[in-house]
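Since the structure comes first, as structure tokens, the remarks are kept for the end.
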Amino acid sequence: MPSLLSTFTDLFMKAAPDTYVAQMSSNTNAQAQIATFASGCFWGTEHIFLKHFPPSENKGILKTSVGYTGGKEDASNPSYKQVCTGTTDHAEAVKIEFNPEIVSYAELVEYRSVIFTHDADQETIAKRITEEVQAKHFTPKGQKIVTEIISAGKWWDAEEYHQLYLFRNPNGYQCPTHRLHW
Numbered sequence: 109m110p111s112l113l114s115t116f117t118d119l120f121m122k123a124a125p126d127t128y129v130a131q132m133s134s135n136t137n138a139q140a141q142i143a144t145f146a147s148g149c150f151w152g153t154e155h156i157f158l159k160h161f162p163p164s165e166n167k168g169i170l171k172t173s174v175g176y177t178g179g180k181e182d183a184s185n186p187s188y189k190q191v192c193t194g195t196t197d198h199a200e201a202v203k204i205e206f207n208p209e210i211v212s213y214a215e216l217v218e219y220r221s222v223i224f225t226h227d228a229d230q231e232t233i234a235k236r237i238t239e240e241v242q243a244k245h246f247t248p249k250g251q252k253i254v255t256e257i258i259s260a261g262k263w264w265d266a267e268e269y270h271q272l273y274l275f276r277n278p279n280g281y282q283c284p285t286h287r288l289h290w
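In terms of the numbering used here, the sequence shown is numbered consecutively and its last residue is 290.
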């Protein structure tokens, strides 16, 4: 008799929704770019991006994957179980491959716990937008954005059953904080 984990994993491996992956148009000179965001639960973060920028509607996101980044150098390729112990210092994150001719990095920036940037332009944009949002939405309330903006480190994909989890399991847990705030 198969274990609950193997049944769970098999279910998700068979249910891979092709509608959540897009190809770069051959009519573009743009290079796909990478954006990485961490906000606690990677399932909800991936879900909110794909709900608002579905690849099947050509809204700019080409592909997502959930995984771990920002951890200790000696904790390579950690498992979900290892990350959950807190000993690796990795953040659960979503890596987004996007077409900058359709959706800009500025449009993708979320205000959560960590924004991992991949180049100096992304760092500048993330800081500028964070400052603008701070002034408009948080300073008037006497609050401060605590999002870190740091350079992306090595990326490890999470186990396959975590990929597109909430699309494969629509009744699964969804964090109420994963929403567009304005």
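C-beta: ideal position from N, C-alpha, C; glycine also.
The structure presented is a predicted model; accordingly, all values stated were derived computationally and were not measured.
Which runs of the alpha helix (DSSP H) spanning at least 4 residues fall entirely within the segment 174-262, listed in chain order? 188-193, 213-216 and 228-241
Opening and closing residue of the alpha helix (DSSP H) in which F275 lies: Y273 to R276
Expected contact under 8 Å - CB spacing of I210 and N166 to nearest Å: Their Cβ separation, rounded to whole angstroms, is 7 Å, which keeps I210 and N166 in contact under 8 Å.
Rounded C-alpha distance that separates H270 from W264: 13 Å
Just verifying my parser: in three-state terms, what is the DSSP assignment at K159? helix
Taking all protein chains shown into account, decide if Q214 is buried (16 or more other Cβ within 10 angstroms of its Cβ) or exposed. Before going on, a small fix: residue 214 reads as Ala here, not Gln. A214 is exposed by the Cβ-count criterion.
Terminal residues of the beta strand (DSSP E) in which Q141 lies: Q141 to A146
Sort out for me which residues DSSP pairs K167 with in a bridge. As computed with DSSP, K167 is found in no beta bridge at all.
Within the same chain, show all residues whose beta-carbon is closer than 6 Å to that of V217, passing over the 5 residues directly before and after it, in chain order. A234 and I237
Within 9 Å (strictly less), CB to CB, does V211 reach chain B? No chain B appears in this structure, which consists of one protein chain only.
Taking contact to mean 3 or more Cβ pairs, one atom from each stretch, closer than 8 Å, check whether the segment 142-150 and the segment 181-195 are in contact. no
Suppose the cutoff is 6 Å on Cβ atoms and the five residues either side in sequence are ignored; what does the same chain contact list for Y176 look like? Same-chain partners within the cutoff: P186, V191, H198 and W264.
F246 versus N277 - alpha carbon distance: 34 Å
Taking F168 as the reference, which of A266, F157 and V174 has the closest Cα? Rather than Phe, the amino acid found at residue 168 in this sequence is Gly. The shortest Cα separation from G168 among A266, F157 and V174 belongs to F157.
Beta-carbon proximity of E154 to V202, cut-off 9 Å: yes
Do N207 and A138 come within 9 Å of each other at the CB atom, strictly closer than that value? yes
What does the Cβ neighbour count give for V174, buried or exposed, with the cut at 16 atoms within 10 Å? buried
Quick check: L272 and T172, are their CB atoms within less than 9 Å of each other? yes
Among P163, K159, W151 and G178, nearest to K372 - alpha-carbon criterion: No answer is possible for residue 372: the residues shown for the chain start at 109 and end at 290.
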